[in-house]
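Undergrad:
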Amino acid sequence: MTAALRFDPIRLPSECEQLRKEVRAFLAEEIAAGTFDPHKPNREDTDVPEFSRKVGARGWLGMTWPKKYGGHERSFLERYVVTEEMRVANAPTRRFFVADRQSGPVLLKYAPENIKMDILPRICRGEVCFAIGMSEPNSGSDLFAAKTRATKTDGGYLINGTKIWTSSAHIADYMIAIFRTSPPTKENRRHGLTQFLVKMKQPGIQVNPIGQITGQYEFNEVVFTDFFVPDDHVLGEIDGAWKQATSELAYERSGPERFLETYYVLTELVRAVGTNPDTRSAEGIGRLVAQVHTMRRMSVSVAGMLQAGKEPVVEASIVKDIGTVWEQQLPHRVRDLAAFVEETATNRETLEKQLDFAIKTAPKLTIQGGTTEVLRGIIARGLGLR
Amino acid sequence: MAESENIVAETAEKIFADLADAQTINRDNKGEWKAPLWQALTDAGLPLSWVDEDCGGSGASLAEGFSVLSAAGRFAIAVPLAETMLAGWLLAQAKITSPDGEMTVVPASPKDRMTVNADGSLSGKARSVPFAKAAKHFAVLASDAKGGVSIALVDATKGRIETGLNLGGDNSDTVTLDKVQPVTIKPAPKGFDQTRLMLMGGVARSLQIAGALESMLEISVRYSNERIAFEKKISKFQAVQHNLARLAGESAAALAAATSAADAIANATSFNDEVFLEAVAAKIRCAEAAEKGGAIAHQVHGAIGFTNEHILHRYSLRALAWRDDFGSESYWAVELGKLVCNRGADELWPLVASR
Ligand SMILES: Cc1cc2nc3c(=O)[nH]c(=O)nc-3n(C[C@H](O)[C@H](O)[C@H](O)COP(=O)(O)OP(=O)(O)OC[C@H]3O[C@@H](n4cnc5c(N)ncnc54)[C@H](O)[C@@H]3O)c2cc1C
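Those protein sequence lines, which keep their order, are chains A and Z.
For the first sequence, position 330 matches number 329 in numbering that gives the first Met the number 0, and the numbering has no gaps at all.
For the second sequence, position 75 matches number 74 in numbering that gives the first Met the number 0, and the numbering has no gaps at all.
#1: Please classify A:Leu142 as buried or exposed, where buried requires at least 16 neighbouring CB atoms within 10 angstroms.
#2: Quick one: grab the DSSP three-state call for Z:Asp20.
#3: Under a three-way DSSP split, which group does Z:Arg159 fall into?
#4: Ligand 1 and A:Gly285: does any heavy atom of the ligand fall closer than 6 Å to the residue's C-beta?
#5: Shortest alpha-carbon distance to Z:Ala377 belongs to which of Z:Leu61, Z:Phe236, Z:Trp348 and Z:Gly326?
#6: Report yes or no: do the region 91 to 111 of chain A and the region 224 to 244 of chain A share at least 3 C-beta pairs separated by less than 8 Å?
#7: Does the distance between the C-beta of A:Phe96 and the nearest non-hydrogen atom of ligand 1 fall short of 6 Å?
#8: Below 9 Å between beta carbons is the criterion; list the residues of the region 291 to 303 of chain Z that meet it against any residue of chain A, in chain order.
#9: Pull up the distance between the alpha-carbon of A:Met0 and that of Z:Arg112, whole angstroms please.
#10: Count the other CB atoms within 10 Å of the CB of A:Leu4; is the residue buried (16 or more) or exposed (fewer)?
#11: Could you compute how far the alpha carbon of Z:Asp345 sits from the alpha carbon of A:Thr82?
#12: Give a single yes or no on whether A:Ile118 has its beta carbon closer than 6 Å to a heavy atom of ligand 1.
#13: Applying a beta-carbon distance threshold of less than 9 Å, which residues of chain A neighbour Z:His309?
#14: Check whether the Cβ of A:Ser134 sits closer than 6 Å to any heavy atom of ligand 1, and report yes or no.
#15: So for Z:Lys337, helix, strand or coil by DSSP?
#16: Can you say whether Z:Gln207 is buried or exposed, counting buried as having 16 or more other CB atoms within 10 angstroms of its CB?
#17: With C-beta atoms as the reference, is A:Ile209 less than 7 Å away from A:Phe195?
#18: Name the DSSP bridge partner or partners of Z:Thr173?
#19: Please report the straight-line C-alpha distance between Z:Glu334 and A:Ile158, rounded to a whole angstrom.
#20: What does the Cβ neighbour count give for Z:Gly190, buried or exposed, with the cut at 16 atoms within 10 Å?
#21: Could you check if Z:Ala280 is buried or exposed, using at least 16 other CB atoms within 10 Å of its CB as the buried criterion?
#22: Listed in chain order, which residues of the region 193 to 210 of chain Z have Cβ atoms closer than 7 Å to some Cβ of chain A?
#23: Determine the closest residue to Z:Leu140 out of Z:Arg221, Z:Leu176, Z:Asn271 and Z:Ala209, with distance taken between C-alpha atoms.
#24: Report yes or no: is there a C-beta of chain A within less than 7 Å of the C-beta of Z:Trp321?
#25: Under three-state DSSP, which class holds Z:Arg245?
#26: Taking buried to mean at least 16 other C-beta atoms within 10 Å of its own C-beta, is Z:Asp172 buried or exposed?
#27: Can you name, in chain order, every residue of its own chain whose Cβ lies under 7 Å from the Cβ of A:Leu76, other than the five neighbours on each side?
#28: For Z:Lys185, write down the residues that DSSP places opposite it in a beta bridge.
#29: At 9 Å on the CB atoms, spell out the chain Z contacts of A:Gln290, in chain order.
#30: Give the range of the alpha helix (DSSP H) segment to which Z:Tyr314 is assigned.
#31: Let me confirm a value: A:Thr371 is counted as buried when at least 16 other C-beta atoms fall within 10 Å, else exposed. Which label applies?
#32: By the three-class DSSP mapping on this structure, what secondary structure does A:Tyr262 have?
#33: Residues of chain Z with a CB under 7 Å from the CB of A:Pro276: which are they?
#34: Quick check: A:Arg86 and A:Leu259, are their CB atoms within less than 7 Å of each other?
#35: Kindly say whether Z:Ser234, judged by its beta-carbon, lies nearer than 7 Å to any beta-carbon of chain A.
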C-alpha cells in the first residue's frame, strides 16, 4: 500500500538544464517581439497560431514520440521542462497543448497507421488543435452515462447528440470523443462506449460558445446531427473505450499545469512586496514557496515514473488533488498578503488585476480534468478501500 | 535508492520491528524496552552512522543515515538515535572523535546561542534540547566574541539540565552551560554556522515526521477496514474514503519534500540558496502535513485513537512535537520569505526550478 506513495527525488538530468535555457531564451524573444504578454493571463488572444508553429519548429511538440511520426524521442523529463517554462511564462499554449499532452499519445496507441502518419507530424509542427469530447450535459463525473450515439452505417458511423464543456472546440481541427455504440451491460455499466477521431469544421457539427465567469470563451457545446465518421476513425476497441479513456486521464493529471495555473500571482506578490518584506508577508510568502516547491518535486517525480515506463495512476491523482486544491487557494492567500503591499508599490495595479482574474479562475481548477471528489475516489481505490 | 542505503535502512528497520514494535512498547510502560533497543542500535553502529570509521563511527553515507531516520520515523521510536547521529555528524565537522553513548546537539533552536568565553569555556542557555537528560555528551556549536564558530564536545554532567517534556512525552530539556570547560573544542570548518546545523536537524525531523505520517496512514486504512458502523466497514463510507485520500496526500507530500531535501543535502557540493530552499521547504511542508494529517488520522480512529492504550498517539503527538525542533515552520517560513524577496520576483521561479 505505501508503495503507491513513493515519490523518489528525481533530479532533472543535465540535458534538461540546457533545454531550459533554450526555452527561456525563446520565450524572452517572443515576449520582446510582442507575441504575448506574460503579465496578462487574462488574454483574449490565447490562441496564437504562429506561436504554435514556432514551438513546433523548435522541436518542442511531440517530444517523446517516435521520430517516424515527427516526434523527437526525447524524455518525459525534457517535455516536463518545456511545459513548466511555458506555463510559468503564461505563454499562449492553448492551440497545441491538448494535442501534445493527450490526443497525440492516444493516436499513437490506438489509431491506424495511415492516420498516425497523417496527423502526428502535423501536431509536431504545431499545426493542429485538438479538443476532448468526453463530457455531456448529463455525463460529467459519471463518464459512463454518456449518451451521444454512434450508429453503424455504410463505411462508418452516424453521430447524434451533444458534447459539452469542450475546451477549444471552436478552434479545434479534431476532437477525440467517446460515443455510445451499444447499451451498457448488466455486468458492466462501463461497456458500450467507443473512442472516435472526429474531424471538426464539417457539416453536421455545430459549435456553440459558452461564456465563462472569467470573461473568457474557452469551452463550448458541440452538437452532432447525423455527422458521419469513417470506419478508420475508430480508435481502439469497439465498446471498450472505458479502459482507454481512464488511462488517457493519467496524462491529463500529472503535469506541472496542475499546480501552476495561478502561479503568476505569487511572482507578482513578491514583486510588489519588494526586497524588504515585513514579517507577515515574509512568512506568508515562505509558506507558499514551500508548497509550490513540494508540489513541483512531486510532479517531477511523477514525470520520472512515466519516463521509467510506469503507470502512476494513484500518484498522478494525488498530485492533481493536492495540486489543484493548492492552485485554487493560492490567489486567496496572496489576497490576504496583498493587504500589506504599500500603496506606492510599482506593480500594485498589475497584482490587483491578476488577483482579480486568478480569483475568478480558481473555482474551475478543482473541476476540470476530474473533480476533487472523483480523484479522491481513485486514491481511495489505490489504498484498497473500494 | 542505492543498494547500500537499503542495507543500512533495512538493518535499522529490522531492529525497530524486533525491539520497538507497537506491542513491545505498549506492554512495557516503564520504558524497559529502551535499553535493549539502544544496545542493538549501538551494536549495529547506527547512532554513529555519520562518523567516519577512523573517528569511531560506522562511516555510512549521508543518504544512508537519512534512510535510517525515515525508518525511525515510521516506528516513531523514542530513543535519541537522530540526536546522537546529528551530534556525531556535528563533531565530525571539526574532526572531533565521538564518544560512546547517547548524545544530543546544543543548541536545538535557531533562537538560542551558545558562546565561547575568552578562556575557552562555554556559556549559554538552550531550550527544548531533545533528550538532553538521556545524553552522556553534548555536541555544542558556539561562537566567540569575534564571530568565530567552534564545535565542542561537552560532558553532559557539567551542564545544568531542567527537565521538560514535549508534546509526545519525550524529554525536551533546557540546558544551561555556565563557564563549562569542554572535553574538546575545535574551530568549525569555514562557512559552517548555526543555520546549517538547524537545517540538518530540520531535515532529520522532516524525515521522521514523514515516516510517522506513513504509519498513521497505514494504521488508519487498516482500522477503517476493521471498524463496523451502520452495518458496514467505515472504509466503505465515501466521506471516510475522502478523508483517507487527503491523509494519503499529506503523507505523500511530506515524504516527497523530506526525501527531496535529504537527497539535496546528501549531494550538495556547496550550501547555496537551492539547498536552503529544499531544507526549509521540507520542514515547513512536513509540519503542515503533521497538523492536517494527524487530525485526519484521529478523526478516522474515533474515540479509540484518543486513548492512551492506542498506538496512534505515538505517531501523531511525536509528529506534532517534532515540528518545534530546530526551528518551527513559521520561523523558517519567515526566513524563506526574506530570502525569496531579497532575490527578487524574477529569481523566484529559477530558484524553484533549480533541480
Ligand atoms: C474549464 C473547464 C474545461 C473543461 N474542458 C473539458 C473538455 O475539454 N472536455 C470535456 O470532456 N470536459 C471538459 N470539462 C468538463 C469536466 O471534465 C467536468 O466538468 C467534470 O468531469 C465534472 O463533471 P460535471 O461538470 O458534469 O459535474 P458533476 O459530475 O455533475 O458533479 C457535480 C459535483 O458532484 C460531485 N460528484 C459527482 N459524482 C460524484 C460521486 N460519485 N461521488 C462524489 N461526488 C460526486 C462532483 O465531484 C462535483 O463536485 C471542463 C470543465 C471545466 C470546468
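Cβ atoms here follow ideal geometry from the backbone N, Cα and C, with glycine treated the same way.
TA: With the structure as the only source:
#1: As a working note, residue 142 of chain A is residue 143 in the first sequence. Classification for A:Leu142: buried.
#2: Residue mapping note: residue 20 of chain Z aligns to position 21 of the second sequence, counting from 1. In the structure shown, Z:Asp20 sits in coil (DSSP, three-state: anything other than H, G, I, E or B).
#3: Counted from its first residue, the second sequence places residue 159 of chain Z at position 160. Strand.
#4: Counting from one through the first sequence, the residue named residue 285 of chain A turns up at place 286. No, the beta carbon of A:Gly285 sits no closer than 6 Å to any heavy atom of ligand 1.
#5: Residue numbering for chain Z in the displayed model covers 0 to 354; residue 377 of chain Z lies beyond these limits and cannot be assessed.
#6: Segments in contact, yes.
#7: Position 97 of the first sequence, counting from 1, holds the residue named residue 96 of chain A. Answer for A:Phe96: no, Cβ out of range of ligand 1.
#8: The residues in question: there are none.
#9: Along the first sequence, one-based indexing puts residue 0 of chain A at 1. Along the second sequence, one-based indexing puts residue 112 of chain Z at 113. Its pLDDT being 42, under 50, A:Met0 is placed unreliably by the model, and the measurement read from it follows with that caveat. Spanning the two alpha carbons is a distance of roughly 44 Å.
#10: Indexing the first sequence from 1 puts residue 4 of chain A at position 5. Buried, because 16 or more other Cβ atoms sit within 10 Å of the Cβ of A:Leu4.
#11: Sequence index remark: in the second sequence, residue 345 of chain Z carries index 346 (1-based). Sequence index remark: in the first sequence, residue 82 of chain A carries index 83 (1-based). Straight-line Cα distance between these residues: approximately 18 Å.
#12: Counted from its first residue, the first sequence places residue 118 of chain A at position 119. The closest heavy atom of ligand 1 lies 6 Å or more from the beta carbon of A:Ile118.
#13: Your numbering for residue 309 of chain Z matches position 310 in the second sequence. Within 9 Å Cβ-Cβ: nothing; Z:His309 doesn't reach chain A, min ~20 Å.
#14: Here residue 134 of chain A is taken as the residue at index 135 of the first sequence, counted from 1. With a cutoff of 6 Å, A:Ser134 counts as near ligand 1, since its C-beta is closer than that to a heavy atom of the ligand.
#15: For this step, residue 337 of chain Z is matched to residue 338 along the second sequence. In the three-state DSSP reduction, Z:Lys337 falls in the helix class (H, G or I).
#16: Taking the second sequence and counting its residues from 1, one reaches residue 207 of chain Z at position 208. The residue is buried, with at least 16 neighbouring Cβ atoms inside 10 Å.
#17: On the first sequence, position 210 is the one that residue 209 of chain A refers to. On the first sequence, position 196 is the one that residue 195 of chain A refers to. A distance of 7 Å or more separates the beta carbons of A:Ile209 and A:Phe195.
#18: Your numbering for residue 173 of chain Z matches position 174 in the second sequence. According to DSSP, which records beta bridges pairwise, Z:Thr173 is partnered with Z:Glu161.
#19: Here the question's residue 334 of chain Z lines up with position 335 in the second sequence. Here the question's residue 158 of chain A lines up with position 159 in the first sequence. Note on geometry: alpha-carbon atoms of Z:Glu334 and A:Ile158 lie some 60 Å from one another.
#20: The count along the second sequence starts at 1 and reaches residue 190 of chain Z at position 191. Flag for Z:Gly190 reads exposed.
#21: Looking up residue 280 of chain Z in the second sequence gives position 281. Result: buried.
#22: Cβ contacts with chain A: none found.
#23: If you number the second sequence from 1, residue 140 of chain Z lands on position 141. The shortest C-alpha separation from Z:Leu140 is found at Z:Leu176.
#24: The count along the second sequence starts at 1 and reaches residue 321 of chain Z at position 322. For Z:Trp321, the nearest beta carbon of chain A is not closer than 7 Å to its own beta carbon.
#25: By one-based count along the second sequence, residue 245 of chain Z stands at place 246. It is helical.
#26: Translated into positions along the second sequence, residue 172 of chain Z becomes position 173. Counting the other Cβ atoms within 10 Å of the Cβ of Z:Asp172 gives 16 or more, which makes it buried.
#27: Reading the first sequence from its first residue, position 77 is the one you call residue 76 of chain A. Its chain contains Leu11, Pro12, Cys15, Ala302, Gly303 and Gln306 as the residues whose beta carbon lies nearer than 7 Å to that of A:Leu76, once the 5 sequence neighbours on both sides are disregarded; these appear in chain order.
#28: Counted from its first residue, the second sequence places residue 185 of chain Z at position 186. BP columns for Z:Lys185 point to Z:Ile150.
#29: In the first sequence, counting from the first residue as 1, residue 290 of chain A sits at position 291. Neighbours of A:Gln290 on chain Z, chain order: Ala252, Ala280, Ile283, Arg284 and Glu287.
#30: Position 315 of the second sequence, counting from 1, holds the residue named residue 314 of chain Z. Its alpha helix (DSSP H) spans residues Leu311 to Trp321.
#31: Taking the first residue of the first sequence as 1, we reach residue 371 of chain A at position 372. Answer is buried; the Cβ neighbour count reaches 16.
#32: Residue numbering aside, residue 262 of chain A sits at position 263 when the first sequence is read from its first letter. A:Tyr262: coil per DSSP, three-state reduction.
#33: Here residue 276 of chain A refers to the residue found at position 277 when the first sequence is read from its first residue. Chain-ordered, the chain Z residues with CB closer than 7 Å to the CB of A:Pro276 read Gly336, Lys337 and Cys340.
#34: Walking along the first sequence from the start, residue 86 of chain A turns up at place 87. Walking along the first sequence from the start, residue 259 of chain A turns up at place 260. For A:Arg86 and A:Leu259, yes; Cβs fall inside 7 Å.
#35: Numbered from 1 along the second sequence, position 235 holds the residue referred to as residue 234 of chain Z. Interface residue (Cβ-Cβ distance to chain A less than 7 Å): Z:Ser234 is classified as such.
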